[in-house]
Amino acid sequence: SQTIHQWPATLVQPVGSPLSLECTVEGTSNPNLYWYRQAAGRGLQLLFYSIGIDQISSEVPQNLSASRPQDRQFILSSKKLLLSDSGFYLCAWSSQYEQYFGPGTRLTVT
Amino acid sequence: GENVEQHPSTLSVQEGDSAVIKCTYSDSASNYFPWYKQELGKRPQLIIDIRSNVGEKKDQRIAVTLNKTAKHFSLHITETQPEDSAVYFCAAIPTGFQKLVFGTGTRLLVSP
Numbered sequence: 004s005q006t007i008h009q010w011p012a013t014l015v016q017p018v019g020s021p022l023s024l025e026c027t028v029e030g031t032s033n034p035n036l037y038w039y040r041q042a043a044g045r046g047l048q049l050l051f052y053s054i055g056i057d058q059i060s061s062e063v064p065q066n067l068s069a070s071r072p073q074d075r076q077f078i079l080s081s082k083k084l085l086l087s088d089s090g091f092y093l094c095a096w097s098s099q100y101e102q103y104f105g106p107g108t109r110l111t112v113t
Numbered sequence: 119g120e121n122v123e124q125h126p127s128t129l130s131v132q133e134g135d136s137a138v139i140k141c142t143y144s145d146s147a148s149n150y151f152p153w154y155k156q157e158l159g160k161r162p163q164l165i166i167d168i169r170s171n172v173g174e175k176k177d178q179r180i181a182v183t184l185n186k187t188a189k190h191f192s193l194h195i196t197e198t199q200p201e202d203s204a205v206y207f208c209a210a211i212p213t214g215f216q217k218l219v220f221g222t223g224t225r226l227l228v229s230p
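Line by line, the protein sequences give chains A and F. Going by the working numbering, the first sequence opens with residue 4, and the numbers climb by one from there. Going by the working numbering, the second sequence opens with residue 119, and the numbers climb by one from there.
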């Protein structure tokens with residue numbers, strides 16, 4: 004069966020510091036991969052999605068970037084974090100229709 | 119592009135009552151409609167979905183109905199229990215697209 008991992012689970016970072024969040028999927032090949040952000044008490048904001056290695060679409064202009072160096076690995080990065088980057092970051096995968104979320108990373112920017 | 123509206127934003131019911139959450143979509147080409155349940159501090163979990171060639175789907179106490187003509191779909195929860203308390207999100211995906219468009223969420227509170 005398929006499994007999706009995210010790490011770290013929680014992270015506290017100062018403003019202006021870099022960020023790297025990692026997501027990996029097991030048990031499937033060539034999945035579509037997604038990064039979402041959820042502010043406290045809010046909905047799901049799609050940040051990036053990828054249909055293949057090095058094929059990444061950005062949904063919103065911001066100080067974040069994404070990379071997919073391997074088929075089942077998706078990385079979210081930032082060179083300089085802002086206070087507004089705080090939130091719950093969720094990775095997700097899909098093969099055709101059904102989409103499944105990872106356990107998430109809770110990021111607090113101080 | 120696709121736009122999904124979800125109502126109500128909050129819903130309070132007594133244990134044992136039924137709950138209904140409604141979503142409308144704008145793109146008639148959308149063909150897949152999932153519902154997610156998100157408990158506090160957890161990831162959204164896919165609880166039920168429906169494809170455009172089906173009008174209704176049931177799974178124990180939850181059901182989803184789809185009206186393609188009116189472009190709306192609904193989640194029905196019967197015999198609600200306190201553990202049904204969560205935020206529920208609807209979503210839609212147009213044919214040929216790779217990403218879900220989510221509604222804004224409904225916070226359901228089931229009081230014992």
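Virtual Cβ for every residue (Gly too), placed ideally from N, Cα, C.
Just to make sure I have the definition right: I need the residues of chain F whose C-beta is within less than 8 Å of the C-beta of residue i. Which are they?
i, result
"glutamate 25 of chain A", "What glutamate 25 of chain A touches in chain F: nothing, since even the nearest Cβ is about 16 Å away."
"glycine 46 of chain A", "Phe207, Phe220, Gly221, Thr222 and Gly223"
"tyrosine 52 of chain A", "Gln216 and Lys217"
Might you give, ordered along the chain, the residues of its own chain that have their beta carbon closer than 8 Å to the beta carbon of residue i, omitting 5 neighbours on each side?
i, result
"glutamate 174 of chain F", "Ile168, Ala181, Val182, Thr183 and Leu184"
"leucine 85 of chain A", "Val18, Asn66 and Val112"
Please decide whether residue i counts as near chain A, where near means a Cβ-Cβ distance under 7 Å.
i, result
"phenylalanine 220 of chain F", "yes"
"lysine 175 of chain F", "no"
"lysine 189 of chain F", "no"
Given residue i, which residues of its chain have a CB within under 6 Å of its CB, disregarding the five upstream and five downstream residues?
i, result
"cysteine 208 of chain F", "Gln124, Cys141, Trp153 and Gly221"
"asparagine 121 of chain F", "Ser144"
"serine 68 of chain A", "Ser80"
"lysine 82 of chain A", "Pro21"
"alanine 147 of chain F", "Pro212 and Thr213"
"leucine 193 of chain F", "Ile139, Trp153 and Val182"
"serine 97 of chain A", "Asn35"
"isoleucine 78 of chain A", "Glu25 and Ser70"
Chain A partners of residue i, CB-CB under 9 Å?
i, result
"proline 126 of chain F", "Result: empty, since nearest Cβ-Cβ is about 14 Å, beyond 9 Å."
"glutamine 145 of chain F", "Sequence inspection shows aspartate at residue 145 of chain F; the glutamine mentioned does not correspond to that position. Ordered by position in chain A, no residue passes the 9 Å Cβ test against aspartate 145 of chain F, which lies about 15 Å from the chain."
"aspartate 167 of chain F", "Tyr100 and Glu101"
Taking its Cβ as the centre, do 16 or more other Cβ atoms sit within 10 Å of residue i, making it buried, or is it exposed?
i, result
"threonine 113 of chain A", "exposed"
"aspartate 202 of chain F", "buried"
"serine 20 of chain A", "exposed"
"threonine 6 of chain A", "exposed"
"threonine 108 of chain A", "buried"
"arginine 71 of chain A", "buried"
"tyrosine 100 of chain A", "exposed"
"alanine 42 of chain A", "exposed"
"glutamine 9 of chain A", "buried"
"threonine 224 of chain F", "buried"
"threonine 128 of chain F", "exposed"
"alanine 137 of chain F", "buried"
Distance cutoff 7 Å, beta carbons only. Does residue i sit that close to anything in chain F?
i, result
"serine 102 of chain A", "Rather than serine, the amino acid found at residue 102 of chain A in this sequence is glutamine. Taking Cβ atoms only, chain F reaches closer than 7 Å to glutamine 102 of chain A, which makes this a yes."
Can you pull the chain F neighbours of residue i, defined as C-beta to C-beta under 9 Å?
i, result
"glycine 105 of chain A", "Arg161"
"leucine 49 of chain A", "Lys217, Leu218, Val219 and Phe220"
List the residues of chain F that residue i touches, going by C-beta distances under 7 Å, in chain order.
i, result
"asparagine 35 of chain A", "Gln216"
"leucine 93 of chain A", "Arg161"
At 8 Å on the CB atoms, spell out the chain A contacts of residue i, in chain order.
i, result
"leucine 164 of chain F", "Glu101, Gln102 and Tyr103"
"isoleucine 211 of chain F", "Tyr100"
If I measure Cβ to Cβ from residue i and keep anything under 7 Å in the same chain, skipping five residues before and after, which residues do I get?
i, result
"valine 204 of chain F", "In the sequence under discussion, the amino acid at residue 204 of chain F is alanine, which differs from the valine named in the question. Lys155, Gln156, Glu157 and Leu226."
"aspartate 74 of chain A", "Ser32, Asn33 and Ile56"
"isoleucine 166 of chain F", "Trp153, Lys175, Asp177, Ile180 and Val182"
"histidine 190 of chain F", "Lys140, Cys141 and Thr142"
Legend entry - beta strand (DSSP E) runs contained entirely in the segment 40–67 of chain A, provided each spans 3 or more residues: 48–55 and 58–61
Legend entry - Completely contained beta strand (DSSP E) runs for the segment 165–207 of chain F, where each covers 3 or more residues: 174–177, 180–185 and 190–195
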